Amino acid sequence: MADESTPQANAPQANAPQANAPQVSWPFREAERVAERLAQKGKTHALFETGYGPSGLPHIGTFGEVARTTWVRNAFTRLTGLPSKLLAFSDDMDGLRKVPDNVPNRDMLRQFLGRPLTDVPDPFGTHASFGAHNNARLRAFLDSFGFDYEFASSTEYYVSGKFDAALLHVLANHDKIVEIIRPTLGPERRATYSPILPIHPRTRIVMQVPIESTDVEHGTVTWSDPETGTRYETAVTGGSAKLQWKADWAMRWYALDVDYEMSGKDLIDSVKLSSQIVRALGAEPPVCLTYELFLDENGQKISKSKGNGLSVEQWLTYAPPESLAQFMYHAPQRAKRLFFDVIPRAADDFINNAAALRTTNDPQGNPAWHIFGGKIPDDAGSPISFTMLLNLASVINAENPDMLWGFIRAYMPGATPENAPFLAKLVAYAIAYYRDFVAAGKQFRAASPAERSALQDLATRLKAGAYQEFPGETEAEKLQNLVYAVGKEQKFSPLKAWFDCLYQVLLGQTEGPRFGGFIALYGVEKTVGLIEAALARDERK
RNA sequence: GAGCCUGUAGCUCAGUGGUAGAGCAUUCGACUUUUAAUCGAAUGGCCGUGGGUUCGACCCCCACCGGGCUCACCA
Numbered sequence: 004m005a006d007e008s009t010p011q012a013n014a015p016q017a018n019a020p021q022a023n024a025p026q027v028s029w030p031f032r033e034a035e036r037v038a039e040r041l042a043q044k045g046k047t048h049a050l051f052e053t054g055y056g057p058s059g060l061p062h063i064g065t066f067g068e069v070a071r072t073t074w075v076r077n078a079f080t081r082l083t084g085l086p087s088k089l090l091a092f093s094d095d096m097d098g099l100r101k102v103p104d105n106v107p108n109r110d111m112l113r114q115f116l117g118r119p120l121t122d123v124p125d126p127f128g129t130h131a132s133f134g135a136h137n138n139a140r141l142r143a144f145l146d147s148f149g150f151d152y153e154f155a156s157s158t159e160y161y162v163s164g165k166f167d168a169a170l171l172h173v174l175a176n177h178d179k180i181v182e183i184i185r186p187t188l189g190p191e192r193r194a195t196y197s198p199i200l201p202i203h204p205r206t207r208i209v210m211q212v213p214i215e216s217t218d219v220e221h222g223t224v225t226w227s228d229p230e231t232g233t234r235y236e237t238a239v240t241g242g243s244a245k246l247q248w249k250a251d252w253a254m255r256w257y258a259l260d261v262d263y264e265m266s267g268k269d270l271i272d273s274v275k276l277s278s279q280i281v282r283a284l285g286a287e288p289p290v291c292l293t294y295e296l297f298l299d300e301n302g303q304k305i306s307k308s309k310g311n312g313l314s315v316e317q318w319l320t321y322a323p324p325e326s327l328a329q330f331m332y333h334a335p336q337r338a339k340r341l342f343f344d345v346i347p348r349a350a351d352d353f354i355n356n357a358a359a360l361r362t363t364n365d366p367q368g369n370p371a372w373h374i375f376g377g378k379i380p381d382d383a384g385s386p387i388s389f390t391m392l393l394n395l396a397s398v399i400n401a402e403n404p405d406m407l408w409g410f411i412r413a414y415m416p417g418a419t420p421e422n423a424p425f426l427a428k429l430v431a432y433a434i435a436y437y438r439d440f441v442a443a444g445k446q447f448r449a450a451s452p453a454e455r456s457a458l459q460d461l462a463t464r465l466k467a468g469a470y471q472e473f474p475g476e477t478e479a480e481k482l483q484n485l486v487y488a489v490g491k492e493q494k495f496s497p498l499k500a501w502f503d504c505l506y507q508v509l510l511g512q513t514e515g516p517r518f519g520g521f522i523a524l525y526g527v528e529k530t531v532g533l534i535e536a537a538l539a540r541d542e543r544k
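Numbering-wise, the numbering used here comes out as the position in the first sequence, counting from 1, plus 3.
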């Protein structure tokens with residue numbers, strides 16, 4: 004503070020915080036919370052967890068949760084240099100509650116309702132159990148994005164005894180846990196609730212029954228089959244029993260000493276209660292982050308039955324994975340509408356961020372830095388926006404990458420798939436977009452008699468190679484001059500009407516590219532085919 | 001009933017206590033042998049309302065109004 008003596012008395016607030024302090028990105032904010040937890044506990048490695056319910060196949064929210072957790076984990080690594088692990092935990096020991104609509108052999112499945120998913124045959128017949136099948140789907144999904152994680156099966160953890168010590172501890176605190184959960188339940192469930200769900204030794208069903216007594220010394224609970232009245236004494240360890248959801252989550256946090264887990268806002272109450280249970284067990288819950296759920300185009304909730312959501316497959320048909328990551332990065336605690344129209348913008352946000360990464364002095368505040376996992380690749384960017392590519396693809400009826408590249412080079416000389424590989428990927432996505440959304444919605448107008456003869460004339464002269472006689476240094480110019488000549492000879496007035504005819508009759512749109520250039524890229528023969536097809540189409544009407 | 005998100009340009013949305021921003025739309029211009037893409041520019045704002053904190057509030061706090069979502073069975 005050498006300026007004590009300088010006459011800056013009117014300068015604003017000496018004690019105000021520096022206005023230009025770089026904003027800390029949310030993954031680093033979360034990472035700091037994790038680092039703080041580790042410091043308090045004296046831990047030197049961090050465990051990040053993500054969880055998967057038994058019912059669902061992997062979906063766009065699954066991607067979001069793992070991607071976001073991975074960003075926090077990377078930030079943690081960068082911040083502390085400490086080792087860490089991401090555990091992807093599958094609740095495959097949960098009972099099969101209902102038969103899903105979208106699987107084969109549903110009658111077979113019906114016989115196994117209530118049994119752990121890993122105790123239900125695989126309706127697809129490809130894996131050892133339904134649970135194993137779903138696990139494989141989940142892992143394939145995560146692997147397709149290259150996520151770094153360790154898979155964990157609840158069944159395996161229970162059966163192998165990895166949870167035994169924690170389960171006995173839960174048993175010892177059985178009443179305390181009941182007291183935590185009971186006030187949140189309705190009257191009926193309140194009467195029967197226990198965090199311990201014994202697995203029926205005969206039917207293998209996960210039983211929700213009153214626990215009549217607990218024996219901490221022997222590690223067992225006593226209960227009665229409500230149908231037969233038979234009393235059973237069941238060990239809480241070794242996979243003979245599992246825990247009810249909220250207690251299960253808490254026990255897992257306790258047993259594995261989980262340091263970080265995020266979840267959707269639908270689980271706010273579960274996080275609260277599970278945290279209370281962990282404290283009752285004498286430990287601290289992990290650092291938790293609640294993220295908002297996604298809405299559809301109209302701000303309505305996304306439900307599978309309505310089909311108003313956007314699937315990962317759909318997104319990745321029209322834009323690269325980085326764009327989906329970009330969408331997931333932004334403001335996880337804010338509700339966002341997730342529908343088709345957000346894709347181009349997410350892609351361009353990513354492109355801009357990737358470009359800014361090279362010039363910024365705060366790379367760790369840049370989403371692209373996180374999406375790249377802290378590494379800055381050489382060929383990440385695109386010199387042209389995705390929105391522009393989509394427009395271009397529409398205007399020129401881009402049926403293949405070569406056509407699009409032809410127009411890209413027209414004003415970006417030197418651009419090739421080799422020196423702009425990310426752009427090359429975007430081109431392929433733009434083609435898919437054109438194919439599915441633009442081409443499908445085309446409205447082709449019938450040609451008037453005068454237009455018919457003009458089109459016929461153009462086709463004939465194209466076929467004969469007559470354009471070679473026209474002036475111009477390039478094929479495109481010669482073709483353009485031929486098109487003009489036909490329009491003038493056929494006395495279109497204004498001449499623009501001739502071009503309107505070409506766009507509306509041949510391309511099914513009101514506007515289009517310079518036609519000579521279009522023919523050159525699309526191909527003379529194919530253009531002739533286009534004309535003949537249009538004339539034949541009108542003939543039939 | 002409990003909780004969460006949200007309200008900023010015509011539309012969709014960014015916005016980090018210090019001059020209100022982008023894309024699209026609109027209008028004008030440049031380029032073009034017709035266009036479109038593209039490029040340049042302009043237009044467009046009581047930042048939901050009312051209080052409070054502050055030298056200063058879109059931003060922080062409180063209340064209210066509007067728009068949504070989630071949980072109160074299971075997980």
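Heads up, the beta-carbon is just placed ideally off N, CA and C, and yes, glycines get one too.
Computed from a prediction, not measured in an experiment: that's the story for all the values here.
(request) Would you kindly report the start and end of the unbroken beta strand (DSSP E) that includes L50? (result) 49 to 55
Just to confirm before moving on: does the CB-CB distance between S273 and K249 stay below 8 Å?
yes
Check: Between the C-alpha atoms of H130 and L407, what's the straight-line distance to the nearest angstrom?
Finding: Distance between the alpha carbons of H130 and L407 is about 44 Å.
Which partner residues of M265 appear in the DSSP bridge assignment? For M265, which the question treats as bridged, DSSP gives the partners L292.
On the three-pair Cβ rule with 8 Å, is the segment 370 to 378 touching the segment 60 to 80? yes
Legend entry - Identity of the residue in L99, T187, A349 nearest V123 by Cα: L99
Quick one: what's got a C-beta closer than 6 Å to K165's C-beta in the same chain, skipping five residues either side?
Leaving aside the five residues that flank K165 on each side, none in its chain has a CB nearer than 6 Å to its CB.
Spatial distance of E476 from I399 (CA atoms): 22 Å
**OP:** Hey, could you find the ends of the alpha helix (DSSP H) E478 is sitting in?
**Re:** 478 to 492
DSSP three-state label for D218, please.
Residue state, collapsed to three classes: strand.
Contacting residues, own chain, Cβ-Cβ under 7 Å from V142 (five flanking each side not counted): Note that residue 142 is Arg in the sequence shown, not Val. For R142, where only same-chain residues beyond five positions count, the Cβ hits under 7 Å are F154.
* To do: Along the alpha helix (DSSP H) that carries R192, what are the first and last residues, could you check?
  => 190 to 195 is the span of the alpha helix (DSSP H), which, as asked, contains R192.
**Request:** Would you decide whether G532 is buried or exposed? Buried here means 16 or more other CB atoms lie within 10 Å of its CB.
**Result:** exposed
Length-filtered (3 minimum) beta strand (DSSP E) runs lying within the segment 339 to 380: Secondary structure in the segment 339 to 380: no beta strand (DSSP E) run of 3 residues or longer lies completely within the stretch.
Taking the straight line between their C-alpha atoms, what separation do you get for A350 and N394?
14 Å
Discussion item. Let's see if you can read the secondary structure: which residues bound the alpha helix (DSSP H) around S156?
Written reply: Not the alpha helix (DSSP H): S156 falls in the beta strand (DSSP E), residues 153 to 156.
Exercise for review: In angstroms with no decimal places, state the Cα-to-Cα distance between L171 and I271.
Suggested key: 27 Å
Open item on the list: Considering only their Cβ atoms, is the gap separating R348 from V209 smaller than 8 Å?
Closed with: With a cutoff of 8 Å on beta-carbon distance, V209 and R348 are scored as not near each other.
Please state whether DSSP places F92 in a helix, a strand or coil.
strand
Where DSSP assigns a beta bridge to P201, which residues make up the other side? According to DSSP, residue pairing for P201 in a beta bridge involves A244.
Candidates I354, T73, E215: closest to S388 by CA position: S388 has its Cα closest to that of I354, out of I354, T73, E215.
Check: Leaving out the 5 sequence neighbours to the left and right, which residues in its chain are closer than 7 Å to L313 when beta-carbon positions are compared?
Finding: I63, L341, F342, F343
Item to check | Whole-angstrom distance between F148 and D382, CA atom to CA atom | outcome: 18 Å
Item checked: Alpha carbon of L509 to alpha carbon of D94, nearest angstrom -> Cα to Cα, L509 sits roughly 56 Å from D94.
Taking the C-alpha atoms as reference points, what is the distance between G526 and K494?
-> 26 Å
- Take Y55 as the anchor and find which of A49, F66, K46, H48 has the nearest alpha-carbon. F66
inquiry  = By DSSP's criteria, F304 is part of a beta bridge. Which residues make up the other side?
reply    = Sequence check: residue 304 is Lys here, not Phe. For K304, DSSP records a beta bridge to L298.
Query - Cutoff 6 Å; reference H177; Cβ partners in own chain excluding five residues on either side - result: T217
So, at 7 Å on beta carbons, what are the nonlocal neighbours of A536 in its own chain, with the 5 sequence-adjacent residues on each side left out?
Take A536, set aside five residues on each side of it, and no residue of its chain has a beta-carbon closer than 7 Å to its own.
### Query
What residue range is occupied by the uninterrupted beta strand (DSSP E) comprising S227?
223 to 227
Self-check item: Whole-number beta carbon distance between W501 and G603, since they are thought to touch under 8 Å
Solution: Residue coverage of the chain in this structure runs from 4 to 544, which leaves residue 603 outside it and unanswerable.
### Message
DSSP has A462 in a bridge; who is on the other side?
### Response
Its beta-bridge partners do not exist; DSSP assigns none.
(Q) Runs of 3 residues minimum, wholly inside the segment 116 to 166: which ones carry the beta strand (DSSP E) assignment? (A) 153 to 156
Quiz prompt | Backbone secondary structure at A570 - three-state DSSP | solution = Examination of residue 570 is not possible in this model, given that the chain is present from 4 through 544 alone.
* **Rounded separation between I411 and D405 - CA only** => If you take the alpha carbons of I411 and D405, they lie about 10 Å apart.
Requested in this report: Can you say whether H333 is buried or exposed, counting buried as having 16 or more other CB atoms within 10 angstroms of its CB?
Outcome: When all chains shown are included, H333 counts as exposed.
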